[in-house]
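According to the numbering used here, the sequence shown holds residues 83 to 633 in order. All C-beta atoms, glycine included, are put in the ideal place defined by N, C-alpha and C. To keep things clear, I will list the structure first and then write my remarks on it.
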Amino acid sequence: MSMTTAGVIFVLALVAALVAVYKPFGDHMFRAVSGTRQSRVERGIFRLVGVNPAAEQTWGVYARSVLAFSAVSILFLYLFQRVQNHLWLSLGFDPVVPHGAWNTAVSFVTNTNWQSYSGESTMGHLVQMAGLAVQNFVSAAVGIAVAVALVRGFARSRTGQLGNFWVDLTRITLRILLPIAVLGAIALMIGGAVQNLSGGTDVSTLTGGTQTITGGPVASQEVIKELGTNGGGFYNVNSAHPFENPTTWTNWLQIFLILLIPFSLPRVFGRMVGQNRQGYAIAAVMGILAFASVAITNIFELAGHGTVPQAVGAAMEGKEVRFDVSNSATFAAATTLTSTGAVNSFHDSFTSLGGMMTMVNMMLGEVAPGGTGSGLYGLLILAVITVFVAGLMVGRTPEYLGKKIGSREIKFASLYFLITPILVLVGTAAAFATGNNSTALNVGPHGLSEVLYAFTSASNNNGSAFGGITVNTTWWDTALGLCMLLGRFLPLIFVLALAGSLARQAPTPASEGTLPTHRPLFIGMVVGVTVVLVALTFLPALALGPLAEGL
Numbered sequence: 083m084s085m086t087t088a089g090v091i092f093v094l095a096l097v098a099a100l101v102a103v104y105k106p107f108g109d110h111m112f113r114a115v116s117g118t119r120q121s122r123v124e125r126g127i128f129r130l131v132g133v134n135p136a137a138e139q140t141w142g143v144y145a146r147s148v149l150a151f152s153a154v155s156i157l158f159l160y161l162f163q164r165v166q167n168h169l170w171l172s173l174g175f176d177p178v179v180p181h182g183a184w185n186t187a188v189s190f191v192t193n194t195n196w197q198s199y200s201g202e203s204t205m206g207h208l209v210q211m212a213g214l215a216v217q218n219f220v221s222a223a224v225g226i227a228v229a230v231a232l233v234r235g236f237a238r239s240r241t242g243q244l245g246n247f248w249v250d251l252t253r254i255t256l257r258i259l260l261p262i263a264v265l266g267a268i269a270l271m272i273g274g275a276v277q278n279l280s281g282g283t284d285v286s287t288l289t290g291g292t293q294t295i296t297g298g299p300v301a302s303q304e305v306i307k308e309l310g311t312n313g314g315g316f317y318n319v320n321s322a323h324p325f326e327n328p329t330t331w332t333n334w335l336q337i338f339l340i341l342l343i344p345f346s347l348p349r350v351f352g353r354m355v356g357q358n359r360q361g362y363a364i365a366a367v368m369g370i371l372a373f374a375s376v377a378i379t380n381i382f383e384l385a386g387h388g389t390v391p392q393a394v395g396a397a398m399e400g401k402e403v404r405f406d407v408s409n410s411a412t413f414a415a416a417t418t419l420t421s422t423g424a425v426n427s428f429h430d431s432f433t434s435l436g437g438m439m440t441m442v443n444m445m446l447g448e449v450a451p452g453g454t455g456s457g458l459y460g461l462l463i464l465a466v467i468t469v470f471v472a473g474l475m476v477g478r479t480p481e482y483l484g485k486k487i488g489s490r491e492i493k494f495a496s497l498y499f500l501i502t503p504i505l506v507l508v509g510t511a512a513a514f515a516t517g518n519n520s521t522a523l524n525v526g527p528h529g530l531s532e533v534l535y536a537f538t539s540a541s542n543n544n545g546s547a548f549g550g551i552t553v554n555t556t557w558w559d560t561a562l563g564l565c566m567l568l569g570r571f572l573p574l575i576f577v578l579a580l581a582g583s584l585a586r587q588a589p590t591p592a593s594e595g596t597l598p599t600h601r602p603l604f605i606g607m608v609v610g611v612t613v614v615l616v617a618l619t620f621l622p623a624l625a626l627g628p629l630a631e632g633l
């Protein structure tokens, strides 16, 4: 079987599995976020933290709850790293340096999981389990909660209430993330992933030396890393390490886990607004963009564009031989189309145009299908912009799901999408202006690509790295940490503000002039608006980096 044929079968199997679980898993998530009955464990948690599960919140209170929870999480995780040498299972590691602890705390709380350190030689087991892995759960739950709050804004009328953040956070974590994480960890252990509390095993190398191979609770962290679109690896080489990702079928499983929640959330959207066809339309937009990206990335990598790949007949540099070119390209597309950032290959070693695709995926806003929650609310914002543009074209007040899109709503939507490009482009310019681009391994277009990728990854809360750039310095840890913070919480505030504005509206009956938002025309328009927004914003930067290198 050829590499191309195997890659096609690999992708088709993923598509079939995602289609099969779309309805049952989407319905399960809908029941989890919409039900009124509380389990005994949930009631105990609510009493412990003093939350009335029956009390709902306005968008302002919901936003303040998200920000307060995240601020406390950052402080806790920062202190956890700074005192890890005094903790059980520290493995003798020193405290994480202040700028590294700041960057890591912000990174994991914002669901970015950017790592400027080598995990197996920096973090003890307790910090990995009780610090990083916990944030893998709750940061993912925060994203889903905000998406659900926005959908409630579309579904509700004449009210300022969007639900209760603490209830949403608890139920999403306990009912959606935790059960799958347990089952997934067992599956990965069966596949060969490591799960222990070992401080390391000394082995003899082929050259006669000795190397310590660190063990740890790898499988349990690996599954939530992918399921929650987090991406932070237990080991420095992430999902290319055989302890994290042992075989081709665990590689397939990890990609499936990455895409599972984002591709199923449109079903929740359709159920909550009472029109399943609206969910299918959003899922179709995600699917079209994702399939195009996976196909193009595979084509560029399988073609092996470049002098050396053409000479040897394959672009295998930086790729794990267990996964070959196609499986690595598919993983790279999936992890950058979402906010996962996990890698099973070295993106810096991709062909120039293949590496460009990983950047374009993030620049799209990570909406195909995006991160847990963030993909759905990002695409719904794009849908709002699309109906606004369509309304201008026909001279009508734009409407979406019975809600008018006026000046207030479009301002929130516009501000949402302006934040990330500003952070990416200003951050990249600041690195060059201050001379911090000198940490890049390469000069010229590829050196620009390395810096551009770093800020694109941080500002979009992705977390993957192009590589070839030294980022464990005070300047880089601080700058990228600020991009992660602003790139996560400023858009989140505008999403909740939009949800509050929509929820207060009275429903507007559909008329002859209302744009149907479940038909192929609208699906195509949303795809077009998404691509055009990216092309107009980032094309000059891409032209100076990967396009210049490729051409």
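Task: Continuous beta strand (DSSP E) stretch holding Asp284: start and end - done: To locate residue 284, count along the sequence shown from 1; it is residue 202. Looking at the DSSP string, the run of the beta strand (DSSP E) that includes Asp284 is 283 to 286.
- [ ] Reducing DSSP to helix, strand and coil, say where Ser539 ends up.
- [x] By 1-based counting over the sequence shown, the position of residue 539 is 457. Ser539 falls in the helix class under three-state DSSP.
Open item on the list: Less than 7 Å between C-beta atoms, sequence neighbours within five positions excluded: which residues of the same chain meet that for His44?
Closed with: Because residue 44 is not part of the residues shown, which for the chain are 83 to 633, the question remains open.
- [ ] Ignoring anything shorter than 4 residues or poking outside the stretch 327 to 389, list the alpha helix (DSSP H) runs there in chain order.
- [x] 330 to 355, 358 to 385
Open item on the list: So, for Phe382: in the same chain, excluding its five sequence neighbours on each side, which residues have a beta-carbon less than 6 Å away from its beta-carbon?
Closed with: For the purposes of this step, residue 382 is identified with residue 300 of the sequence shown, where counting begins at 1. Once the five neighbours on either side are set aside, the close Cβ partners of Phe382 are Thr433, Leu435, Gly436.
- [ ] Please say whether Gly400 and Pro328 have beta carbons closer to each other than 9 Å?
- [x] Your numbering for residue 328 matches position 246 in the sequence shown. Your numbering for residue 400 matches position 318 in the sequence shown. Going by C-beta atoms, Pro328 is not nearer than 9 Å to Gly400.
Open item on the list: Going by beta-carbon coordinates alone, are Leu461 and Met607 separated by less than 9 Å?
Closed with: Indexing the sequence shown from 1 puts residue 461 at position 379. Indexing the sequence shown from 1 puts residue 607 at position 525. Cβ atoms of Leu461 and Met607: not closer than 9 Å.
Open item on the list: Out of Tyr459, Val376, Ile492, which one is the CA nearest neighbour of Gly473?
Closed with: For this step, residue 473 is matched to residue 391 along the sequence shown. Nearest of Tyr459, Val376, Ile492 to Gly473, Cα basis: Ile492.
Open item on the list: Counting C-beta neighbours from all protein chains within 10 Å, is the total for Glu594 16 or more, i.e. buried, or is it exposed?
Closed with: Walking along the sequence shown from the start, residue 594 turns up at place 512. Exposed: under 16 other Cβ atoms inside 10 Å.
Task: DSSP three-state assignment for Thr433, whether helix, strand or coil - done: Here residue 433 refers to the residue found at position 351 of the sequence shown. Note: Thr433 maps to coil in three-state DSSP.
TODO: With DSSP as the reference, label Arg532 as helix, strand or coil.
DONE: For the purposes of this step, residue 532 is taken as the residue at position 450 of the sequence shown. Note that residue 532 corresponds to Glu in the displayed sequence, not to Arg. In the structure shown, Glu532 sits in a helix (DSSP, three-state: H, G or I).
Open item on the list: By alpha-carbon positions, which one of Phe247, Val143, Gly206 ends up nearest to Leu169?
Closed with: As a working mapping, residue 169 is identified with position 87 in the sequence shown. Residue Gly206 is the option with its Cα nearest to Leu169.
Task: Own chain partners of Val611 with C-beta closer than 7 Å, once the 5 adjacent residues on each side are dropped - done: Here the question's residue 611 lines up with position 529 in the sequence shown. Hits under 7 Å: Leu464, Ile467, Thr468, Val471.
Task: Local conformation of Tyr317 per DSSP, three classes - done: Stepping through the sequence shown from its first residue, residue 317 is reached at position 235. In the structure shown, Tyr317 sits in coil (DSSP, three-state: anything other than H, G, I, E or B).
Task: Nearest candidate by alpha-carbon position, reference Cys565, set Leu534, Ala579, Pro344 - done: Residue numbering aside, residue 565 sits at position 483 when the sequence shown is read from its first letter. Checking every option, the nearest Cα to that of Cys565 belongs to Leu534.
Open item on the list: Ile268 and Thr283 - do their beta-carbons sit closer together than 9 Å?
Closed with: On the sequence shown, position 201 is the one that residue 283 refers to. On the sequence shown, position 186 is the one that residue 268 refers to. Going by C-beta atoms, Thr283 is not nearer than 9 Å to Ile268.
- [ ] Give the C-beta separation of Val103 and Val233 to the nearest angstrom, bearing in mind that I take them to be a contact with Cβ-Cβ under 8 Å.
- [x] Your numbering for residue 103 matches position 21 in the sequence shown. Your numbering for residue 233 matches position 151 in the sequence shown. Not quite, the Cβ-Cβ distance comes to about 20 Å (not below 8 Å), so this is no contact.
Open item on the list: Along the chain, where does the alpha helix (DSSP H) containing Gln303 start, and where does it finish?
Closed with: Looking up residue 303 in the sequence shown gives position 221. Counting along the chain, the alpha helix (DSSP H) containing Gln303 begins and ends at 300 to 309.
- [ ] Apply the 10 Å Cβ neighbour rule to Ser583 and answer buried if 16 or more other Cβ atoms are within range, or exposed otherwise.
- [x] The count along the sequence shown starts at 1 and reaches residue 583 at position 501. Ser583 comes out buried.
Open item on the list: Considering just the uninterrupted stretch of the alpha helix (DSSP H) at Ile635, what are its terminal residues?
Closed with: Because the chain spans 83 through 633 in this model, residue 635 falls outside it and cannot be assessed.
Task: Coil, strand or helix - Glu594 by DSSP - done: As a first step, residue 594 is located in the sequence shown; it is residue number 512 there, counting from the start. Here Glu594 sits in coil by DSSP.
Open item on the list: Measuring straight from C-alpha to C-alpha, what distance separates Thr590 and Arg478?
Closed with: What you label residue 590 is simply residue 508 of the sequence shown in a count that begins at 1. What you label residue 478 is simply residue 396 of the sequence shown in a count that begins at 1. So the alpha carbons of these two residues sit roughly 13 Å apart.
Open item on the list: Alpha carbons only, please: which of Leu578, His600, Pro602, Ala625 is nearest the one belonging to Val230?
Closed with: Here residue 230 refers to the residue found at position 148 when the sequence shown is read from its first residue. Nearest C-alpha to Val230: Leu578.
Task: Short Cβ contact (9 Å threshold) for Thr454 with Pro344 - done: As a position in the sequence shown, residue 454 is number 372, starting the count at 1. As a position in the sequence shown, residue 344 is number 262, starting the count at 1. Yes, these two residues count as a Cβ contact at 9 Å.
Task: Proximal residues to Leu567 (C-beta, below 6 Å), its chain only, five neighbours per side dropped - done: Indexing the sequence shown from 1 puts residue 567 at position 485. Excluding sequence neighbours, Leu567 sits near Val188.
Open item on the list: Restricting to Cα atoms, I'd like to know which of Ala581, Val508, Asn380 is closest to Tyr459.
Closed with: For the purposes of this step, residue 459 is taken as residue 377 along the sequence shown, with counting starting at 1. When only C-alpha atoms are compared, the closest one is Ala581.
Task: As assigned by DSSP and simplified to three states, the class of Ala585 - done: Residue 585 sits at position 503 when you count from the first residue of the sequence shown. Helix.
- [ ] Identify every residue that forms a DSSP beta bridge with Lys485.
- [x] Sequence index remark: in the sequence shown, residue 485 carries index 403 (1-based). In DSSP, Lys485 forms a bridge with Tyr482.
TODO: With a floor of 4 residues, list each alpha helix (DSSP H) that falls wholly inside the stretch 197 to 239, ordered by position along the chain.
DONE: 216 to 237
Open item on the list: On the criterion of 16 or more Cβ atoms from any shown chain inside 10 Å, does Leu523 qualify as buried, or is it exposed?
Closed with: Within the sequence shown, residue 523 is the residue found at index 441, counting from 1. With fewer than 16 Cβ atoms within 10 Å of its Cβ, Leu523 is classed as exposed.
Task: CB contact flag (Leu309, Leu347, <9 Å) - done: Numbered from its first residue, the sequence shown carries residue 309 at position 227. Numbered from its first residue, the sequence shown carries residue 347 at position 265. Their beta carbons are not under 9 Å apart, which means Leu309 does not touch Leu347 by this criterion.
TODO: With a cut-off of 8 Å on the beta carbons, I'd call Gln166 and Val209 a contact; round off their distance for me.
DONE: In the sequence shown, residue 166 corresponds to position 84, counting from 1. In the sequence shown, residue 209 corresponds to position 127, counting from 1. That pair is a contact at about 5 Å.
TODO: Pick helix, strand or coil for Thr454, following the three-state DSSP scheme.
DONE: Start at 1 with the first residue of the sequence shown, and residue 454 comes out as number 372. Coil at Thr454, not helix or strand.
TODO: Starting from Ile156, trace the alpha helix (DSSP H) both ways and give me its first and last residue.
DONE: Here residue 156 refers to the residue found at position 74 of the sequence shown. Counting along the chain, the alpha helix (DSSP H) containing Ile156 begins and ends at 141 to 164.
Task: Per-residue DSSP class, three states only, for Ser189 - done: Looking up residue 189 in the sequence shown gives position 107. The answer is helix: DSSP assigns Ser189 an H, G or I state.
Open item on the list: Tell me which residues share the same chain as Ser541 and place their Cβ nearer than 6 Å to its Cβ, disregarding the 5 neighbours each side in the sequence.
Closed with: Along the sequence shown, read from residue 1 onward, the residue named residue 541 stands at position 459. Once the five neighbours on either side are set aside, the close Cβ partners of Ser541 are Thr502, Leu505, Val506, Cys565, Gly569.
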